[in-house]
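Read through the structure below, which is laid out as structure tokens, and then see the notes.
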Amino acid sequence: MAVTRFCTRTYRQDLRIFPSPAAKIGLAVLFLFLLALPHFGGKYIIFVACLCGVSVISALGLNVLTGYTGLISMGHAAFMGIGAYTAAILSAKAGFPFIVALPLAGVMAAMTGAVVGIPTLRLKGMYLVVTTLAFQFITEHVIYHWESLTQSDKGIKLATPYLLGVNIGGYGKIYYVILLFAVLAAIFTKNLAMSRTGRAFVAVRDRDIAAEIIGINLTKYKILAFVISSFMAGLAGALHAYLVGLIGPEYFVFNQSILYIAMIIVGGMGTVLGSIVGAVFMVLLPEVINAISGPIASAYPFFSPRIGAVSVTVYGLIIIFFLLFEPDGLFGIWVRLKRYWKPWPFTY
């Protein structure tokens, strides 16, 4: 009898966003900590926290496409770049305010995603990977060579963002804006997963032919998955542009697309918590590597030029480890830990 209170007994209980009072308390404590972070964290810590927030939004978007719908995209960074450059051009050249430029950046990325999603009606698997990879390289080429619009390597300096008349420039202020959008993205993605649309996405992922037989419109839901994913990526890219203030092509190269794939693999594909944890983990990993390798490089100077190669190697080894030994990612580890401790001390 003591164990049944941890189990969901009805469909309504299974649909709850917060499965238990402990989850509500834990999220409340975490949210209070995040609200207080700018008051006791240094400037660099706040900047890294902002990067985590941007990555969470973008990873959640990729999770909708790849984790829920099963469509692999190697061009996620390109959608972020489209959002970032849309916001930068509207801000610096057209004088649009932050509150207008931000949603328009997401819309522009979503419109592009709808076009890129058209090949998914005929392609899947490695063919889709190659198609999105081509889109990534085409976007990089346009950003580098359309100098009259993107300023190429010079980049575009954004105007100071204002929200409802309040200056939100600087890490400490825009942090709260990024936090707000990250929370909204998590809530939206969680509700989407439990909605009719989310169930249709999963059906397309698991058995697309069977899904079509039972009446699911493959055209509609594949395109919709691309639109939602690219919209969230565009928002994340725009927020990143306002965060750094000067946007350049180096932020949205192919390596970044690989990084976002790694985030959802390490965190756990098809889960909201996994996308969040994976994004934070992969953003903080280079900081940990730098903290460890810094003293080593000081003691052994010959090691200093190889730090970058070490970071790439660690990334690769982590992805291989999770693919081979923990395909459910960090989320799977967390679920097993909960299942072990919930019936304690009667575990066996």
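Numbering-wise, the sequence shown is residues 12 to 359 according to this note's numbering. Built from N, CA and C at the ideal position, the CB exists for glycine as well. Just so we're clear, the structure is a prediction, and the values are computed from it rather than from any experiment.
DSSP, read as helix, strand or coil, puts L134 in coil. By the Cβ test, the region 281-295 is in contact with the region 69-81, since at least three Cβ pairs between them sit closer than 8 Å.
Sequence-distant Cβ neighbours of P260 in its own chain, meaning closer than 6 Å and more than five residues away, are I154 and Y155. Boundaries of the alpha helix (DSSP H) harbouring N202: Y182 to M205, taken from the DSSP string.
For T282 and E158, the gap between their C-alpha atoms comes out near 40 Å. Proximity to M274 across F107, T131 and F333 peaks at F333, based on C-alpha coordinates. For Q267, the uninterrupted alpha helix (DSSP H) run begins and ends at F265 to G278, by DSSP. Annotation for G53: no alpha helix (DSSP H) segment contains it, and DSSP assigns it neither H nor E. Taking 8 Å as the upper bound for CB-CB distance, L203 and D219 are not in contact here, some 19 Å apart.
Y311 sits in coil when the DSSP states are folded into three classes, being neither helix nor strand. In this structure, DSSP gives N228 a state outside helix and strand, which the three-state scheme calls coil. When C-beta atoms of the region 235-246 are compared with those of the region 122-141, three or more pairs fall below 8 Å, so the two segments count as touching. Put simply, the backbone Cα of K168 is about 14 Å away from that of G181. With contact defined as three or more Cβ pairs closer than 8 Å, the region 86-98 and the region 243-256 are in contact. For F192, the closest C-alpha among the options V264, G248, T171 and E223 is that of G248.
In the three-state reduction of the DSSP assignment, I129 falls in the helix class, which pools H, G and I. Counting only runs of 4+ residues, the alpha helix (DSSP H) found wholly inside the region 29-104 occupies 32-51, 54-73 and 87-103, in chain order. The three-state secondary structure of I258, taken from DSSP, is strand. When the beta-carbon positions are compared, A244 and F42 stay at least 7 Å from each other. Under the DSSP assignment, W352 falls in the alpha helix (DSSP H) whose first and last residues are G340 to W352. Counting only the Cα atoms, A34 lies some 30 Å from S241.
Residue state for L169 is assigned as coil, using DSSP reduced to three classes.
Looking at the DSSP output, L174 shares a beta bridge with V177.
With 16 or more other CB atoms across the displayed protein chains lying within 10 angstroms of its CB, H87 is buried. In the three-state reduction of the DSSP assignment, P108 falls in the coil class. Around the beta carbon of T324, fewer than 16 other beta carbons sit within 10 angstroms, so the residue counts as exposed.
It is roughly 14 Å from the alpha-carbon of R133 to the alpha-carbon of A125.
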